[in-house]
Each structure stands twice: as C-alpha cells, then as structure tokens.
Amino acid sequence: MSRIRRLLIAACAGLVLSSTLAVSASAIESYTPYSYDRWGEAVPSQVGYTAEYFVTGDDIDKDSGSSIGSLSNPSDMYISADDLMYIVDTGNNRIVVTDLDFNLIATIDTFNLDNAEGLEDFDPESDSGYFSETLKSPTGIFVDQYSGDIYIADTENSRVLKTDIDGNVSRVVTRPTNSLYSSDLTFNPSKVCVDKAGNIYVVVRSVTKGAVMYDDEGEFLGFYGANRVEATAEVILNAFVNTFRTEEQRSRVTNSTPVGFSNFDIDDEGFIYTVTESTTTTTDLVKKLSPEGENILSSLGVDDVTWGDEPPTYYSIYSQSSSLIDIDIGDNGEMNILDFAHGRVFQYDKLGNLMFIVGGSGEQLGLFRTVTAIESRGDKIYVADGRKNSITVFERTTFGEIVTNATNLYNDGYYAESYEPWLTVIKYDGNYRRAYIGVGNALLSNKQYKEAMDYFEISISRARYNRAFEGYRDELLEQYFTPAIIIIIVLLLAWWIYKLLVKNGTIKPRKRKGGA
Amino acid sequence: MLDLTQGQFVKHVVMHPFEGFEDLRWKKAGSMKIAVAIVFLLFFQQLAYSRMYGFQYYSDYDKLFNIIPYIFKSWGLFIMYVVANWAMCTLFDGEGTMKNIFINTAYSLIPYICGYLIGTVLSHFLIQDEYIFIQAFEIIGLAWTVVLFISGMKAVHQFSFGKTLLLILLTLVAMLAMLFLLILLLTLFQQILIFIFTIYTELSYRLRV
Chain A
1 MSRIRRLLIA
11 ACAGLVLSST
21 LAVSASAIES
31 YTPYSYDRWG
41 EAVPSQVGYT
51 AEYFVTGDDI
61 DKDSGSSIGS
71 LSNPSDMYIS
81 ADDLMYIVDT
91 GNNRIVVTDL
101 DFNLIATIDT
111 FNLDNAEGLE
121 DFDPESDSGY
131 FSETLKSPTG
141 IFVDQYSGDI
151 YIADTENSRV
161 LKTDIDGNVS
171 RVVTRPTNSL
181 YSSDLTFNPS
191 KVCVDKAGNI
201 YVVVRSVTKG
211 AVMYDDEGEF
221 LGFYGANRVE
231 ATAEVILNAF
241 VNTFRTEEQR
251 SRVTNSTPVG
261 FSNFDIDDEG
271 FIYTVTESTT
281 TTTDLVKKLS
291 PEGENILSSL
301 GVDDVTWGDE
311 PPTYYSIYSQ
321 SSSLIDIDIG
331 DNGEMNILDF
341 AHGRVFQYDK
351 LGNLMFIVGG
361 SGEQLGLFRT
371 VTAIESRGDK
381 IYVADGRKNS
391 ITVFERTTFG
401 EIVTNATNLY
411 NDGYYAESYE
421 PWLTVIKYDG
431 NYRRAYIGVG
441 NALLSNKQYK
451 EAMDYFEISI
461 SRARYNRAFE
471 GYRDELLEQY
481 FTPAIIIIIV
491 LLLAWWIYKL
501 LVKNGTIKPR
511 KRKGGA
Chain B
517 MLDLTQGQFV
527 KHVVMHPFEG
537 FEDLRWKKAG
547 SMKIAVAIVF
557 LLFFQQLAYS
567 RMYGFQYYSD
577 YDKLFNIIPY
587 IFKSWGLFIM
597 YVVANWAMCT
607 LFDGEGTMKN
617 IFINTAYSLI
627 PYICGYLIGT
637 VLSHFLIQDE
647 YIFIQAFEII
657 GLAWTVVLFI
667 SGMKAVHQFS
677 FGKTLLLILL
687 TLVAMLAMLF
697 LLILLLTLFQ
707 QILIFIFTIY
717 TELSYRLRV
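Just so you know, the protein sequences line up as chains A and B, in that order. Here the first sequence stands for residues 1 to 516, where the numbers follow the numbering used here. Here the second sequence stands for residues 517 to 725, where the numbers follow the numbering used here.
So, in structure tokens, the structure goes:
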C-alpha cells in the first residue's frame with residue numbers, strides 16, 4: 001500500500017516539476033501570447049514578433065557625448081523612403097531625425113519662414129501662430145517619398161508646415177477659408193499625409209467629415225473618406241421618425257454624425273488606410289480608401305473582421321474594448337494596427353486575416369503604458385510610448401518569418417508552394433487556424449481531396465470543405481459508377497427472372513408475414 | 517375490416533392523415549410502448565441533427581457538449597405539451613385521456629423525425645448547392661407532421677377543426693405559463709439555497725471564532 005502511495009507521490013511530483021519547467025520554457029515574452037480561433041475565443045499562440053530593445057531620448061546619439069535629452073511624449077513617427085526615422089517629440093516641440101539604429105541625424109526645432117508660401121493673406125501681428133519660428137505641440141509628421149519634403153502637423157499653431165530637413169519652410173497650410181469648413185470648428189491638425197499627386201490630407205480632431213484635403217498649392221479641396229454613421233437602434237428610429245417630421249422639426253433634431261477617423265497611413269501603391277479610435281462603434285474602424293474616398297476593403301470581402309480584440313463575453317464592464325489609434329502598412333501590405341487600450345499591436349495580412357498579436361500593458365520590455373505611434377520597416381516594428389518616452393523595437397521571430405512567408409505565397413495564389421511553410425507553422429503552433437486552411441488549399445489545388453477535407457474540418461472552414469467534398473465525391477462517382485450500374489442491372493434482371501418464374505409456377509412465392 | 521396489429525396501425529395512421537386517428541381511436545389500437553419509442557427516436561433525431569450533420573452545412577460549437585438541452589428539446593417539450601393539452605382539454609370537454617394524447621402526439625411526430633433523419637443522412641452525400649433536396653425532405657416531413665398533428669388532436673378530443681386549432685393555441689399558451697412557473701420555481705429554490713448557504717457560512721465563522 002505504502003509503495004503505491006510513494007509511487008503516486010513521485011508521479012505527482014514529476015508532473016508538477018514538468019509543468020513548471022514547461023511554463024518557464026515558454027515564458028520568454030513578458031506576456032502570454034494569444035490568438036483567436038474560429039469561435040472568436042482566445043487561444044495560446046506563438047509570438048510573431050519579439051521585443052528586442054527599447055530606446056529613450058538619452059540613448060539617441062549617446063556616443064558623441066552631446067545627448068539630446070529625453071523625449072517628451074513622442075506622439076508620431078515616420079520612416080522615410082531613405083530609411084530615416086522622424087520622431088515627433090511633442091513635449092519638447094521638436095522633430096528628432098535618426099537612422100534606423102537610432103544614431104542622431106538632426107533635430108529640427110527652429111524654422112525659417114522667409115520663403116514660405118501660403119502666408120500672403122495673413123498678418124504677423126494678429127496671426128502670430130502662423131508665423132511662429134518654433135513648433136507648438138506638434139503631433140504628426142509625414143515625409144514625401146518622391147520629393148523628400150517633410151510635412152509637420154503643428155497642432156497648437158493651427159498649421160501644417162512643408163519643410164526640408166534644415167528647417168527651411170516652403171509652404172504653410174492653414175485653416176480653410178471656404179464656407180464648407182464651418183466657422184465653429186477649430187483647426188488643430190493632428191496627423192498629416194500626402195499622396196502621390198502631392199495632395200495634402202490633414203486629420204483634424206474636431207472634423208468628423210473625414211480628412212481635410214488640400215492640393216499641392218495649399219488650396220482647400222474638401223473632405224476625404226468620411227466614416228459612415230453606425231446603424232444603431234437610435235439612428236434607425238430617428239431616420240424612421242424623420243419621414244413624418246416637417247422640415248422645421250427635422251432641422252431642430254441633431255443630426256447623427258459619424259466618428260471621425262484618428263490616423264492614417266499610405267501604402268506604396270498610394271492607397272490611404274485609416275483607423276478610427278472608438279470604443280463604442282464598430283463601423284469603419286479600419287478602411288482602405290480608393291481615390292474617391294470609398295472603402296475598398298469591403299469589396300475585397302473584408303467585411304466581417306473584428307479589428308482589435310474580440311469584444312469580451314464575460315465581465316464586459318471590467319475590460320475595455322480595443323481603441324485603434326495608429327495604422328502602419330508593412331512591406332507586403334500587412335496592416336499593423338496599434339491598440340491604445342491594451343498597448344497591443346495587431347498585425348493583419350492585406351486581406352484582413354489576423355496574423356499576430358504582440359505586446360500588452362505593463363512595465364517590462366515589450367509592454368506599454370500609453371502607446372502613441374507605430375511604424376515598420378522590413379522585419380522590424382517600432383512602437384512609441386508617450387508615457388515611457390521611449391521607442392520599442394520588435395523583431396520578427398523565426399515563427400513570424402515562416403508565417404509571413406507562407407501568407408505572402410498564399411495571398412499571391414501560390415497554394416502549392418505555400419504547402420511546406422504552412423506545415424512548418426502547424427509544427428510550431430497547432431492553434432494557428434490559417435495554417436490548416438493553407439495546407440488544405442494546397443492539397444485541394446493538388447487534387448488530394450480527402451486530405452484537404454480533413455484540414456478544412458480542423459480549421460472549421462465550411463465553404464472550402466464543401467469544395468473539397470465536391471471533388472472527393474466526383475472522384476468516388478467516377479471510380480464506382482460503372483460497377484454500381486452493373487450491380488443494379490443484375491439485381492433488376494434477377495428480380496425480373498424471379499417474377500417470371502413465379503408466374504410460370506416453377507417456384508412458389510414467399511408468403512409475406514401478417515398480411516392484411 | 518382493419519384487422520391490423522398495433523405495429524401495422526402505426527403505418528396506417530401515418531399513411532392516412534384524415535381517417536387514421538379515427539380508426540386508431542375506434543379500434544383502441546394505440547400502443548404506449550411504440551409511442552415512448554418514438555419520443556426516444558425524436559431525442560436521437562435532435563442529437564443527430566446538431567452533432568452528426570454533414571460538415572459542409574452545419575457544425576455545432578464543439579468545445580462543449582451538454583445533453584440536457586437535447587433532453588429538454590425532445591422529452592421535456594413533449595411531456596409539457598401532453599400535460600398542457602390534457603389540462604386544457606378538460607376545460608373544453610375534450611374526450612382524450614392523457615394516454616391517448618401521448619400516443620396521438622407521438623404518432624404524428626413520425627414524418628418529422630423521418631424527414632429530418634433522411635435529411636441528416638443525405639447531408640453527408642450532397643454539396644451545398646444541392647441543399648434544396650435536403651430541404652424538400654425536411655419541409656415535407658414537417659408539413660406532414662402538422663397535418664397529422666391537427667388530425668390527431670381532432671380525433672382524440674372529437675373536436676371540430678376550428679376548436680382543435682383553438683385548443684392547440686391555448687395549449688401553447690399553457691406551455692408558456694408552465695415554463696414561466698418552472699423558471700420561477702428554480703429561481704426561488706436557488707434563493708433558498710443561497711439563504712441556507714449564507715446561514716451555514718455565518719455559523720461556521722461564528723463557531724471558528
């Protein structure tokens with residue numbers, strides 16, 4: 001008896017030991033990496049990016065001995081085409097320019113407005129903000145990849161500066177004088193972006209009609225890419241009641257306005273992506289805009305994506321829903337979306353499939369307190385934290401490399417080529433649903449229907465399973481159609497002969513049991 | 517005439533929607549055993565429908581399996597219907613006994629069960645584009661059951677058609693009332709349980725101090 005007990009205790013001890021070992025082996029990240037399964041439930045996952053190091057202002061250009069001092073609430077970043085990192089140091093009213101290893105290139109804090117266009121109608125006395133030689137709480141930056149011009153959203157000075165790296169301003173973009181821009185709206189540009197044609201787009205927090213759009217001469221063109229109003233019960237009721245209201249009554253009812261988007265990015269093809277920071281709506285949180293300002297993600301079939309975290313099912317009053325504040329388009333069109341509420345980076349492929357969730361809130365490396373901006377270049381992601389005043393650098397892991405490779409092959413239609421990478425992904429992370437779909441599609445394109453069905457069943461992908469099943473059934477039919485028909489004909493013949501014999505009286509018919 | 521065994525009567529009733537139940541009543545040929553077997557079959561049909569349907573059409577959340585909902589959906593609802601119907605028919609001078617109501621209701625469920633079982637089997641051989649064939653079986657089964665059901669209720673209580681419909685409607689209302697009372701009862705019991713548990717906790721703390 002005691003022997004059995006001793007054995008049991010030893011077994012238990014072994015179990016406990018092995019489980020703690022397993023935990024310590026996987027706890028390389030300072031948070032539990034997770035992903036979402038088919039049912040929208042969080043499942044443990046592998047990380048696609050791991051935090052390598054973080055950089056504070058004091059780390060920048062430490063070697064030369066002349067430190068630039070710490071950053072203060074960095075609120076935007078931009079990596080230009082020539083691999084320079086522009087950091088908007090909001091609290092210190094300057095722009096810090098470094099290379100991608102954070103060696104200082106320049107700091108831009110004073111500007112020369114002597115040759116600036118766009119100020120002809122203004123008076124230096126009464127509009128001193130427009131003529132200021134310094135920045136006042138800038139929050140947005142953009143660098144034109146063709147001309148190299150730097151655009152700075154100088155928020156408190158109510159202007160957007162177009163400048164070179166030495167601070168020579170060539171244009172100042174100011175508040176539109178057009179009556180389309182309502183006179184009760186303030187003009188505090190927070191983010192700026194420029195398209196291939198040189199049109200300037202400015203996000204203004206108080207404007208909900210979309211980005212304020214200027215041409216390359218600084219002429220106000222209108223608004224671009226407004227979000228839709230979410231169809232809540234109240235909005236629908238209002239629209240219904242409005243049909244019975246008179247014009248006068250209608251004018252008294254406050255119109256339902258959409259939530260204005262909060263940030264954007266432009267990809268290499270010139271498409272503008274927007275994100276909307278809203279915890280209450282789910283409409284148009286992430287958009288890819290056509291030149292007409294329409295969302296083309298929905299025409300790609302990316303309609304039912306939950307951007308950011310899935311809404312919590314339990315304890316919903318204790319947990320915040322995601323609040324998306326920045327977007328960055330990576331080299332392969334993947335979307336890196338920054339969630340302010342939990343300090344997480346959500347990476348989606350170009351078709352809106354969730355690839356990785358990275359980061360979290362906390363003090364350790366890879367966790368954040370108040371994320372403000374995200375940028376990526378190659379296999380690195382840079383995330384700025386406005387409270388820690390630092391920039392954290394994430395690097396793609398081996399697993400991330402394989403998934404990215406497989407995803408790119410898959411999205412470009414090379415199903416067969418993506419077979420091996422997806423299989424490797426499954427080896428790393430058995431919870432990675434897209435890998436099963438990838439393997440299934442590769443098998444399907446290779447006409448291995450039965451195997452494809454298995455993979456589609458694991459990934460709970462009904463439409464694809466249906467396609468594989470159709471192929472499998474056709475295969476079976478081709479194989480067994482002739483023998484089946486022969487058997488049926490033989491049986492019919494036998495029945496016919498039996499009837500004939502009964503009719504002739506050669507054999508007696510079997511009596512049916514209990515007939516009426 | 518109509519010298520059928522109890523088993524053969526089942527077929528007769530199902531195949532003759534308008535006279536079958538009258539004959540059944542006249543010959544007193546309903547079998548409780550067969551009726552119970554049918555309700556068991558209903559239970560298995562419900563199970564098969566949500567767990568064994570062809571994957572290309574439908575698959576249930578599979579991380580969790582609970583048998584109680586299936587028991588309720590078959591046996592629970594059936595018993596509730598029989599009791600509610602019997603209770604209502606006594607108010608309407610219906611002639612059905614609890615046993616006859618049980619038998620007639622069970623017999624009328626046969627086409628529904630068969631239609632859906634055939635659909636479940638077919639769902640393993642057809643693709644999504646051919647769903648219409650499955651749907652046909654399911655709809656025909658359901659419609660047939662509705663006809664049998666009304667005719668069965670009409671025969672067991674010897675009502676006119678309109679009165680039968682009214683009775684069925686009232687039965688549904690009675691079922692709702694029963695459900696409401698059941699839930700009320702459950703919540704009350706829960707409250708009592710919590711109350712007793714609180715007293716127990718309180719006492720155990722006092723005793724410890």
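For each residue, glycine too, the CB sits at the ideal point set by N, CA and C. Given the structure is predicted, the values throughout are model-derived calculations rather than measurements.
Does any CB atom of chain A fall closer than 8 Å to the CB of residue i?
i        : result
Val526/B : no
Tyr569/B : no
Tyr716/B : no
Gln572/B : yes
Tyr565/B : no
Leu719/B : no
Figure out for me which residue from the options has the closest Cα to the Cα of residue i.
i        : options                                : result
Gly352/A : Glu417/A, Asp412/A, Val286/A, Val358/A : Val286/A
Glu449/A : Glu470/A, Arg433/A, Asn431/A           : Per the sequence shown, the amino acid found at residue 449/A is Tyr instead of Glu. The candidate whose alpha carbon is nearest that of Tyr449/A is Glu470/A.
Met694/B : Val598/B, Phe711/B, Asp578/B           : Val598/B
Asp429/A : Ser30/A, Ser35/A, Ile28/A              : Ser35/A
Thr90/A  : Lys136/A, Cys193/A, Tyr415/A, Gly343/A : Lys136/A
Thr370/A : Asn389/A, Glu117/A, Lys508/A           : Asn389/A
Val204/A : Leu367/A, Asn92/A, Gly140/A            : Gly140/A
Asn446/A : Thr372/A, Gln145/A, Tyr414/A           : Tyr414/A
Pro533/B : Ile626/B, Phe641/B, Ile712/B           : Ile626/B
Asp215/A : Lys209/A, Ser206/A, Ala197/A, Ala226/A : Ala197/A
Asp609/B : Val526/B, Val689/B, Leu683/B           : Leu683/B
Gly129/A : Tyr465/A, Met355/A, Val160/A, Asp101/A : Val160/A
Met669/B : Arg724/B, Phe618/B, Leu700/B           : Phe618/B
Ala603/B : Leu698/B, Leu697/B, Leu723/B, Ala690/B : Ala690/B
Leu297/A : Gly218/A, Thr274/A, Pro189/A           : Thr274/A
Asp101/A : Asn332/A, Phe54/A, Tyr480/A            : Phe54/A
Within the same chain, show all residues whose beta-carbon is closer than 7 Å to that of residue i, passing over the 5 residues directly before and after it, in chain order.
i        : result
Ser319/A : Pro312
Glu475/A : Tyr449
Gln572/B : Ile643, Gln644
Ile105/A : Leu84, Val97, Thr98, Asp99
Trp591/B : Val555, Phe559
Can you name the residues that DSSP bridges to residue i?
i        : result
Asp37/A  : Note: Asp37/A sits in no beta bridge, so no partner.
Met548/B : According to DSSP, which records beta bridges pairwise, Met548/B is partnered with nothing at all.
Pro44/A  : Tyr34/A
Ile327/A : Ile337/A
Tyr224/A : Ala211/A
Glu395/A : Thr50/A, Lys380/A
Can you find the residues in the same chain that come closer than 6 Å, C-beta to C-beta, to residue i, ignoring five residues on each side of it along the sequence?
i        : result
Trp422/A : Ala406, Ala435, Gly438, Val439
Glu654/B : Gly631, Tyr632, Gly635
Tyr716/B : none
Ile458/A : Tyr436
Gly728/B : Because residue 728/B is not part of the residues shown, which for chain B are 517 to 725, the question remains open.
Leu180/A : none
Less than 8 Å between C-beta atoms, sequence neighbours within five positions excluded: which residues of the same chain meet that for residue i?
i        : result
Arg250/A : Asn242
Asn115/A : Asn168, Val169, Ser170
Val143/A : Tyr78, Ser80, Ala81, Leu84, Tyr86, Asp149, Ile150, Tyr151
Asp164/A : Gly148, Asp149, Ile150, Ser170
Phe399/A : Gln46, Val47, Gly48, Val425, Tyr428, Asp429
Can you check whether the C-beta of residue i is within less than 8 Å of a C-beta belonging to chain B?
i       : result
Ser26/A : Note on Ser26/A: pLDDT 41, under 50, position unreliable in the model; the coordinate value appears next. It does not: the Cβ of Ser26/A has no partner Cβ on chain B nearer than 8 Å.
(message) Output needed in chain order: residues of the stretch 636–664 of chain B with a Cβ under 7 Å from some Cβ in chain A.
(response) Ile643, Gln644
(request) With 8 Å as the limit, tell me which residues of the stretch 458–473 of chain A have their beta carbon closer than that to any beta carbon of chain B; keep them in chain order. (result) Ile460, Arg462, Ala463, Tyr465, Asn466, Phe469, Glu470, Arg473
(message) Tell me which residues of the stretch 575–599 of chain B have at least one Cβ-Cβ distance to chain A shorter than 9 Å, keeping chain order.
(response) Ser575, Tyr577, Asp578, Lys579
(message) Using a Cβ-Cβ cutoff of 7 Å, what residues of the stretch 36–47 of chain A are near chain B? List them in chain order.
(response) Trp39
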